[in-house]
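The listed protein sequences derive, respectively, from chains A and B.
The opening residue of the first sequence carries number 7 in the working numbering; numbering runs sequentially from there.
The opening residue of the second sequence carries number 7 in the working numbering; numbering runs sequentially from there.
Glycine included, every Cβ here is placed at the ideal spot set by N, Cα and C.
Protein chains: 2
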Amino acid sequence: MHPSQELRAAIRGGRFDKPTSGKAPGYVQANLVIVPQAHAFDFLLFCQRNQKPCPLLEVVEAGQREAKRLAPGSDLSRDIPRYRVFRDGSMTEERTDVSDLWRNDFVSFLLGCSFSFEKPLLDAGLEIRNLTCGVNVPMYRTAIPTRPAGAFSGPLVVSMRPFTPEQAIKAALVTGKLPEVHGAPIHQGDPGAIGIRAIDRPEYGDPVPIRAGEIPVFWACGVTPQEALLNAKLPLAITHAPGHMFVSDIREEELPFFHYSVR
Amino acid sequence: MHPSQELRAAIRGGRFDKPTSGKAPGYVQANLVIVPQAHAFDFLLFCQRNQKPCPLLEVVEAGQREAKRLAPGSDLSRDIPRYRVFRDGSMTEERTDVSDLWRNDFVSFLLGCSFSFEKPLLDAGLEIRNLTCGVNVPMYRTAIPTRPAGAFSGPLVVSMRPFTPEQAIKAALVTGKLPEVHGAPIHQGDPGAIGIRAIDRPEYGDPVPIRAGEIPVFWACGVTPQEALLNAKLPLAITHAPGHMFVSDIREEELPFFHYSVR
């Protein structure tokens with residue numbers, strides 16, 4: 007049994023409802039967005055047009071709850087430690103199980119997550135400040151618009167990690183090889199240049215110190231589709247709660263080949 | 007004016023209706039598939055699940071005929087030298103203009119084309135046999151199934167170029183860097199291993215000689231979605247005619263950044 011399968015079994019059994027960072031190490035984790043079928047084409051198109059923040063790994067069609075490629079035997083209505091329920095553009099509740107809310111017209115989207123590039127960055131000898139500080143990564147709303155699709159639009163959200171200029175080059179090379187999990191940074195240096203007003207007050211997550219000689223480096227972030235979801239004001243939609251991800255059976259090493267295998 | 011814009015103007019004006027290979031060199035060319043909106047989610051999902059044969063560059067929504075990102079000012083109902091019209095799963099006619107068939111519920115899909123990796127292969131000092139012979143590239147139906155989505159399913163179609171084993175390694179490295187236009191080969195050597203019965207009788211295009219010491223090398227091919235379209239038996243669908251591509255204003259050098267820019 008994969009450690010990822012054990013973790014999903016614990017989640018489904020009600021024995022684990024915490025953030026998944028560092029759990030089942032080496033297995034790809036994913037963001038989840040569930041929308042009714044009437045909005046599924048537009049959301050799929052939103053992902054296609056905004057691949058930096060929305061790197062789509064798998065789409066599970068209406069009538070199904072199993073992510074067959076990422077995790078055979080999974081149940082998307084029960085296998086995530088914490089869900090968020092959105093009604094008419096507001097987050098109305100968090101739950102550990104949405105099986106009683108499930109509708110046959112739900113379409114589920116699983117998107118790559120930056121957790122999968124943390125180990126390659128650490129392996130390259132880089133420090134990840136929020137890990138050192140033991141806090142959530144800081145995330146900011148930018149002035150860069152996403153490319154709209156139907157009801158979905160809104161600002162690009164970015165995560166930030168501080169590095170020296172030399173380390174930032176290394177970090178760009180390492181993450182640039184992983185487009186399935188946001189890829190290379192989208193900006194480095196002046197936060198104001200992308201519309202960030204206060205680097206010490208992130209809109210999501212926690213602030214981290216930027217030391218002398220360091221610059222902030224910004225990556226497209228998987229919170230972006232949640233902003234688009236708020237703007238879209240669907241009657242009902244469901245996501246994972248930030249940090250409480252879907253844990254797949256795919257090894258991180260397989261990511262570069264995930265979309266490029268034909269068997 | 008870009009050479010690509012001049013070529014599209016000539017096509018629209020009825021002054022060019024030939025294959026586009028070698029025309030407007032350096033500009034990305036694309037496969038076109040047009041389906042009614044009722045089938046658009048399924049076809050978009052088919053592309054998402056089969057990125058090797060169906061590397062999606064742009065989707066043009068219902069009510070629009072302009073590929074805004076690939077070619078501002080373009081008209082997908084008139085800017086392709088030759089179209090194919092499919093009715094109930096049969097190809098019923100070829101035309102040079104489909105503006106009188108256009109419906110407001112048409113959704114257009116533009117997919118990367120292997121024409122864009124020919125120049126990088128030539129630049130790497132490799133010979134492309136079908137170019138040397140002045141014929142169309144040979145294409146084969148394989149026994150590898152695509153991942154189905156809704157009504158769309160069918161076999162993977164591959165294109166073939168012969169190389170020595172050493173050249174084949176070089177060709178894999180060159181094309182592996184271009185996933186937007188089918189990427190690395192999916193097979194090399196024994197045609198029977200992927201269900202090809204007669205290497206001298208391709209299902210599409212023309213046969214080419216394989217010389218002593220050479221092996222056939224196979225790439226996922228943009229004809230694959232046309233096979234899926236035949237299987238889907240939609241009442242109406244439109245594609246380009248093979249070799250008669252949509253010519254965009256995007257430079258081939260920009261391809262690696264096309265999906266990974268956020269501005």
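Going by C-alpha positions, F49 of chain A is about 18 Å away from A73 of chain A. Residue state for G118 of chain B is assigned as strand, using DSSP reduced to three classes. In this structure L13 of chain B is in contact with K29 of chain B, their Cβ atoms being roughly 6 Å apart against a cut-off of 8 Å.
Interface criterion met: the Cβ of R269 of chain B is under 8 Å from a Cβ in chain A. Assigned with DSSP and collapsed to three states, S83 of chain A falls in coil, not helix or strand. Counting of Cβ neighbours within 10 angstroms places P144 of chain A among the buried residues, the total reaching 16 or more. Of the other Cβ atoms in all chains shown, 16 or more fall within 10 Å of the Cβ of E124 of chain B; this residue is therefore buried.
Using a Cβ distance threshold of 8 Å, A68 of chain B and F115 of chain B do not count as a contacting pair. Interface annotation, K176 of chain A: not in contact with chain B, CB-CB separation never under 8 Å. Annotated three-state conformation of T138 of chain A is helix, per DSSP.
Just so you know, the alpha carbons of M166 of chain B and Y146 of chain B end up roughly 8 Å apart.
In the DSSP annotation of this structure, the continuous segment of the alpha helix (DSSP H) that includes R55 of chain A starts and ends at 46-55. Close to Y266 of chain A, with beta-carbon spacing below 8 Å, are these residues of chain B in chain order: Q57, K58, P185, G189, A190. Distances from the CA of T138 of chain B to each of B:H8, B:V214, B:E186 were compared; the closest alpha carbon is that of B:V214.
Approximately 25 Å separates the beta-carbon atoms of I150 of chain A and L132 of chain A; this is outside 8 Å, ruling out the contact.
In terms of Cβ geometry, G195 of chain A and I216 of chain A do not form a close pair [threshold 8 Å].
For I150 of chain B, at least one C-beta of chain A is nearer than 8 Å to its own C-beta.
Under the three-state reduction of DSSP, S96 of chain B is assigned to strand. Out of A:K183, A:Y210, A:Q70, A:Q57, the CA that lies nearest to the CA of V141 of chain A is found in A:Y210. Between Q70 of chain A and chain B, the shortest Cβ-Cβ separation is not below 8 Å.
Distances from the alpha-carbon of N237 of chain A to those of A:S83, A:G249, A:T152 put A:T152 closest. Residue contact check for L62 of chain B against chain A: a CB pair falls below 8 Å.
Going by DSSP, S10 of chain A is part of the alpha helix (DSSP H) stretching over 9-18.
Using a Cβ-Cβ cut-off of 7 Å, L242 of chain B is close to nothing in chain A; its nearest Cβ partner there is about 18 Å away. Contact of V65 of chain B with chain A by beta-carbon distance below 7 Å involves L51, Q54.
Rounded to the nearest angstrom, the gap between the Cα atoms of R135 of chain B and V223 of chain B is 12 Å. For F22 of chain A, no chain B residue has a C-beta closer than 7 Å to its own C-beta; the minimum C-beta separation is roughly 30 Å. Taking E64 of chain A as the centre and dropping the five residues before and after it, the same chain places the C-beta of A73, R75, L76, L116 closer than 6 Å to its C-beta, in chain order. The shortest C-alpha to C-alpha distance from P61 of chain B to any of B:L235, B:T230, B:V268, B:H193 is the one to B:T230. Listed in chain order, the beta strand (DSSP E) elements of length 3 or more contained wholly in the segment 178-215 of chain B amount to none. Checking the DSSP bridge columns, you'll see M145 of chain B partnered with B:S165, B:Y210.
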